[in-house]
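**Student:** Let me give you the structure first, and then I'll get to my questions.
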Amino acid sequence: MDITDQDTVGYSFLNEGKNEIENSAYLEPLYNKLYRQRVSGGRKINIVHIGDSHILGNYFTAVVRERLQQAFGDGGRGLIFPYKLAGSNGPRDYLIETNVNWYGSNCQRNLDEATPYGVSGFLLETFRHTGNLTVRLRDTSTSETRLFTKVTIYHREDSGPVEFSVFDDVTNQKAVLFLQDEFYKSYYFDRPVSQVSISFEKSDEQSKGSFMLDGIMLENELSGVVYHSIGVNGSKFSDFVRARFFARQLADLNPDLVIVSFGTNEAQGRLSTRYIYNQIDELVSQIKKYAPNAYFLFTTPADSYLRGTGFNPYLNQVSNVIREFALNNGYALWDLYQLGGGAQSAQRWRSTGLLSSDSVHYSKVGYTVQGKLLYQSFINAYNKFVDERSGE
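In my numbering, the protein residues as written are 5 to 396.
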């Protein structure tokens, strides 16, 4: 597969010789599944990308999602969440409206040793016994509409059973429940839709507990890539370790690959590198307990400034810990820190308009560059696998 002009970036300060997936051989079973999908179809490949605010905004992940789905097929949008209702920023390729008041929270703000968060790292709660959410899958910048047939609702029934009605007013269809467990219910439409109305009703009207929503997944019936992005502002490895239901619900996404992108917030102050290493290890252990067949790709953060002070002396240390953990345990690694120029390269990201005004986050163009670089490295590794496979 060719790297096209739309995938190139052209910034001289980048060390593009470092744009590679290290320990790429570890991912060969994934490349083989992608190869078979490209040749004969019929396969869903689920990629779950978890991280902090760099992932939450969806600028970075949208680029990777779009290009992988162009290459291997579009299996659907994947996991979404009503971030605006929870008081957070979020992706702009869907709209969610409601007729009830919600209380939103996330795993970063809750400092308890064990927190009640699931697959999105966020939680919406309402004490209303009935309510409605309307989801429209549309890019607000381009007005492009995407279709889906499968709706999965991640929720809790701690305070009693909840009944759902999943309906599309445009096509006058009611979706049929076809799969469920203690954490989710999945519904199918006979014909593709671009929006859905989800009504809920608690069966026990005497219950004083809340209805809790963890997320919504949208898929279609086509084979291809589903690229789920999960991010929480300010989050660290440890925040997802403390989220009691995260790994359990993540397993229901059937991940083939989990991309792990933390480090920026760990580097916002002095912190034990051994502690970070142990938290990475614990997060991976929790995920593997419920999703033992998932592969892991770790990324290091690009350089940025220490919030409010300037040069960040901790990013190099944190990046080295992530690198050490990944390679010591045989996982794949994409070293954006070194690729992006290493220590004190943030000034070059900023001078070229790739860093935002707070000098911790990146501009939309900056995130687009990062997405293109990750896609390049992944496809180059895939191409190498295909070439070697063909030469056998």
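Built from N, CA and C at the ideal position, the CB exists for glycine as well.
Could you tell me which of 124, 106 and 69 sits nearest to residue 85, measuring between CA atoms?
**Tutor:** Closest option to residue 85, Cα to Cα, is 124.
**Student:** Measure the alpha-carbon distance for residue 89 versus residue 215 and round it to whole angstroms.
**Tutor:** For residue 89 and residue 215, the distance between alpha carbons rounds to 15 Å.
**Student:** Hey, quick one: how far does the beta strand (DSSP E) through residue 140 stretch, first residue to last?
**Tutor:** First-last of the beta strand (DSSP E) with residue 140: 134 to 140.
**Student:** From what residue to what residue does the alpha helix (DSSP H) around residue 283 run?
**Tutor:** Segment 277 to 294, the alpha helix (DSSP H) holding residue 283.
**Student:** Should residue 29 go down as buried or exposed, given a rule of 16 or more other Cβ atoms within 10 Å for buried?
**Tutor:** Classification for residue 29: exposed.
**Student:** Can residue 370 and residue 353 be called in contact, C-beta distance under 9 Å?
**Tutor:** In contact: residue 370 and residue 353 (Cβ atoms closer than 9 Å).
**Student:** For residue 206 versus residue 134, is the C-beta spacing smaller than 9 Å?
**Tutor:** Yes.
**Student:** Using the rule of at least 16 other Cβ atoms within 10 Å of the residue's Cβ for burial, across every protein chain shown, is residue 118 buried or exposed?
**Tutor:** That one is exposed.
**Student:** Hey, could you find the ends of the alpha helix (DSSP H) residue 212 is sitting in?
**Tutor:** From DSSP, residue 212 is part of no alpha helix (DSSP H); its letter is neither H nor E.
**Student:** With a threshold of 16 other CB atoms inside 10 Å of the CB of residue 386, please say whether the residue is buried or exposed.
**Tutor:** It counts as buried.
**Student:** From residue 176 to residue 201, what distance separates their C-alpha atoms?
**Tutor:** Taking the straight line from one Cα to the other gives about 11 Å.
**Student:** What residue does the beta strand (DSSP E) around residue 107 start on, and which one ends it?
**Tutor:** Here the beta strand (DSSP E) through residue 107 covers 107 to 110.
**Student:** Which residues does DSSP list as the beta-bridge partners of residue 303?
**Tutor:** Answer is 338, bridged to residue 303.
**Student:** Rank 238, 253, 302 and 240 by C-alpha distance to the C-alpha of residue 221 and give the top, closest one.
**Tutor:** Among 238, 253, 302 and 240, the Cα nearest to that of residue 221 belongs to 253.
**Student:** For residue 383, I'd like the list of residues in its chain whose CB is within less than 6 Å of its CB, leaving aside the five on either flank, ordered along the chain.
**Tutor:** Excluding residues within five positions, the ones whose Cβ falls inside 6 Å are 5.
**Student:** Which one or two residues does DSSP pair with residue 99 in a beta bridge?
**Tutor:** In the DSSP output, where bridge partners are listed per residue, residue 99 has 140.
**Student:** Among residues of its own chain, excluding the 5 on either side of residue 129, which ones have a beta-carbon nearer than 6 Å to its beta-carbon?
**Tutor:** Around residue 129: 107, 214 and 216.
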